[in-house]
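Those protein sequences? They're chains A and B, same order as listed. The opening position of the first sequence corresponds to residue 0 in numbering that gives the first Met the number 0, with each subsequent residue numbered one higher. The opening position of the second sequence corresponds to residue 0 in numbering that gives the first Met the number 0, with each subsequent residue numbered one higher. Have a look at the structure below, then the notes.
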Amino acid sequence: MDFRYIFLMRHELLLLVVALIILMVDLFTVGEKKTHLIKFSLILFTLGMLIGFIPVKPGVLFGGAFQGNALTDLFKDILNMAVLIVFLQSDGYLKKAENAGKVGEFFVLIILTLLGMDFMVSSGDFLTFFVGLETASIPVAGLVAYDRYKSRSAEAGVKLILLSAISSGVLLFGISLIYGATGSIYFSDIAKNVTASPLIILGFIFFISGMGFKISLVPFHLWTADVYEGAPINITAYLSVVSKGAAAFILTIILYKVFKNVTELWETAIYALAVLTMTVGNLFALRQDNIKRFLAFSSIAQAGFILVGIMGTGSLGMTSVVYFILIYVFTNLGAFGVAAAISNASGVETISGYNGLYLTNPRLSLIMMLSLFSLAGIPPIAGFFGKFFLFTSAGSHGYFILILIAVLNATVSLYYYLGVVKAMFINKNDTPIPYFRSSHFMRLSLLLCVAGLVFIGFAGGIFEYIMTASHLFF
Amino acid sequence: MIQGISIYHFLIVSTLMFFIGIAGFIIRQNLITILLAVELILNSVAINFLVFNRYLYPDRLQGHFFSLFIVGVAAAEASVAIALIINIYRRIHNIEADNVNEMKY
């Protein structure tokens, strides 16, 4: 075997090395020195991320089980950047006294779940996909229960692991039926043999139910708000951006590659799920006061918009989904970053607690406002371009009623996003959150998010690059 | 291939196991029993893979390997779930699902 090909897996190998080094260093540091571990892990992870940017020729490994090409590499880089921002934001949380002994676990578990997601993104057969998915979802339950002396965190952990286990079971049952009908677990072989036979339809229904749980689509979304509320806020950010983004990406690939001959079969399902997800996510977001539950339902609604983009099959659909996820990373992490900074400094996690924030912390309020406007899709900010291309993709296949529903939902979402902005800028409050300065890392992460929000929309080259990468993929 | 037992017998068993698992997941109150129900589901999937492999595509081993991985992943899942359930037990001194209800709509 030619050893050059092993560099196709450079992202995974680097993450594994980084995780093992952090684990070893964590073992041999004691007491006070543990806070240095944060800086050490950040530097190590950034190095790994930078090495990952080096381009490598596309190819396949292990007889087609692992695929590396420009699109998967790009997506892994996006995930790496998102995780770097999450790490920067969790600096303040990890420096709290109660977390002093478990800093290493935080980094190791997140990097290992990211490893699982990278394998999932590159998978060329259902076995790699399944093992990657499980590697990405089992340690997350441990992270959600990270505050193990708080009963909410413990409760969220149990809810997540049990529901994620049963959803994996349902997903696997679907895969087993598809295997029974087609005789292969490789994406390319299944794509050749797939027909709309009853067994395939049944298998597909189980499969989409299991995937729907991972992306929190609406009939399968009930865990989302509870887990997001109970988890530490940085883990919530990780779950809502990185886990969801990776699962949405691989769902798109499987729908486009494995089920490409039975498009009419999945289009109905995705259509119905998109309408339900957007509408129910928006309606529930209207009545939330906890900022984490609010962002949870808003992220459910955003998943619905991703499904609208998936409806436009082909490279335009793929491009719009990847582009939207890229923007969504900066947008949502901006909002979560501000929420995390406020939660660390004052413990406030309710929207009514944000009243009068602009008077005391104007810069944080502005960043929050930019992020929320981007989530709502107001023109000059990046989020608008993300939504625009999703709708273009669906429109290129003539789903105009779906686009109408999506636009109506975007309008409804404006109401509750503006509700937060109103709380920060207009509502009066006698005891607003006092002025505070967050750590350098947090400010760096918010700066990255704002830069992403402002510039990605105008840098047309990014969309073009994703477009060429997706063209090569098909 | 086993004489006298067709693929249908196996598939009926595995489908029954799957739906008993789903029903148990919904009906049962004890968190450990819920975990057992999930294991039932995963094992039914493993049977499915083995049977499809043995009866329909005996010249390749993909189903066999898949079921091996399912066993491994199920063990990992169970260990993490039990750790978290022990954590719950330390908080509230029982593991009834009805008592794990601090967060609701």
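The beta-carbon is built from N, C-alpha and C at its ideal position, and this holds for glycine as well.
Taking 6 Å as the limit between beta carbons, can you name the residues of its chain near A340(A), skipping five residues before and five after?
These residues qualify, in order along the chain: S437, M441.
Can the beta-carbon of L315(A) be found less than 7 Å from the beta-carbon of I77(A)?
Taking 7 Å as the Cβ cut-off, L315(A) and I77(A) do not qualify as a contacting pair.
Boundaries (first-last residue) of the beta strand (DSSP E) holding V59(A)
Note, V59(A): beta strand (DSSP E), 58-60.
So that I know if they touch, is there some Cβ in chain A lying closer than 7 Å to that of V79(B)?
With a threshold of 7 Å between beta carbons, V79(B) makes contact with chain A.
Determine the direct distance from the alpha carbon of V193(A) to that of Y56(B), and round the result to whole angstroms.
Between Y56(B) and V193(A), the C-alpha separation is close to 16 Å.
Just grab the DSSP bridge partners of G346(A) for me.
DSSP output for G346(A) lists no bridge partner at all.
Spell out a yes or no on whether the segment 461-468 of chain A and the segment 106-120 of chain A are touching, meaning 3 or more CB-CB pairs, one atom from each, closer than 8 Å.
Look at the beta carbons and you see the segment 461-468 of chain A not touching the segment 106-120 of chain A: under three pairs across the two are nearer than 8 Å.
Alpha helix (DSSP H) containing Q66(A): first to last residue?
In the DSSP assignment, Q66(A) falls outside any alpha helix (DSSP H) and within the unbroken beta strand (DSSP E) covering 65-67.
Report yes or no: is there a C-beta of chain A within less than 7 Å of the C-beta of H54(B)?
Reading off the sequence shown, one finds Tyr at residue 54(B), where the question assumed His. Contact with chain A is absent for Y54(B), since none of that chain's Cβ atoms lies less than 7 Å from the residue's Cβ.
So, for L201(A): in the same chain, excluding its five sequence neighbours on each side, which residues have a beta-carbon less than 7 Å away from its beta-carbon?
Result list for L201(A): L176, in chain order.
How is the alpha helix (DSSP H) around Y464(A) delimited, first residue to last?
Residues 459-472.
Counting pairs of beta carbons, one from the segment 80-93 of chain A and one from the segment 326-346 of chain A, are three or more of them closer than 8 Å?
The way I'd put it, the segment 80-93 of chain A does touch the segment 326-346 of chain A; three or more beta-carbon pairs between them come closer than 8 Å.
Closest Cβ-Cβ distance between G168(A) and chain B: below 7 Å?
Interface residue (Cβ-Cβ distance to chain B less than 7 Å): G168(A) is classified as such.
Answer yes or no: does any C-beta atom of chain B fall closer than 7 Å to that of L162(A)?
False, the Cβ-Cβ gap to chain B never drops below 7 Å.
Check whether I232(A) and S342(A) have beta carbons under 7 Å apart:
For the 7 Å CB-CB criterion, I232(A) and S342(A) form a contact.
Contact set for F258(A): own chain, Cβ-Cβ below 6 Å, skip 5 residues either direction:
Sequence-distant Cβ neighbours of F258(A) in its own chain, meaning closer than 6 Å and more than five residues away, are W265.
Taking DSSP's pairing of strands, which residues face D124(A) in a bridge?
DSSP output for D124(A) lists Y185(A) as bridge partner(s).
CA nearest to the CA of G456(A), picked from A236(A), A164(A), I377(A), S364(A)
Scanning A236(A), A164(A), I377(A), S364(A) for the CA closest to the CA of G456(A) turns up I377(A).
For E95(B), the three-state DSSP class (helix, strand or coil):
Residue state, collapsed to three classes: strand.
So, helix, strand or coil for N426(A), using DSSP?
Reduced to three states, the DSSP call for N426(A) is coil.
How would you write the range of the alpha helix (DSSP H) that D90(A) sits in, first residue to last?
Note, D90(A): alpha helix (DSSP H), 90-93.
Backbone secondary structure at N79(A) - three-state DSSP:
In the three-state reduction of the DSSP assignment, N79(A) falls in the helix class.
Nearest neighbour of S196(A), chosen from G179(A), M210(A), S187(A) [CA to CA]:
Comparing alpha-carbon positions, the option among G179(A), M210(A), S187(A) lying closest to S196(A) turns out to be G179(A).
Any residues in the segment 182-193 of chain A with a beta carbon nearer than 9 Å to a beta carbon of chain B? Which ones, in chain order?
For the segment 182-193 of chain A, which is checked against every Cβ of chain B, the residues closer than 9 Å are G182, S183, I184, Y185.
Using 8 Å as the cut-off, can you tell me whether the segment 85-101 of chain B makes contact with the segment 67-76 of chain B, which would need three or more C-beta pairs spanning the two stretches below that distance?
Output reads no: the segment 67-76 of chain B does not touch the segment 85-101 of chain B.
Got a sec: is the Cβ-Cβ distance from G30(A) to anything in chain B below 7 Å?
No, G30(A) lies away from the interface with chain B (no Cβ there is under 7 Å from its Cβ).
CA nearest to the CA of N360(A), picked from H35(A), Y327(A), F435(A)
The option with the nearest alpha carbon to N360(A) is F435(A).
In this structure, what does DSSP give as the bridge partners for N289(A)?
For N289(A), which the question treats as bridged, DSSP gives the partners T349(A).
Chain B contact for D225(A) (CB, 7 Å cutoff):
D225(A) counts as touching chain B.
Are the C-beta atoms of S175(A) and some chain B residue less than 7 Å apart?
Yes, because at least one Cβ of chain B sits closer than 7 Å to the Cβ of S175(A).
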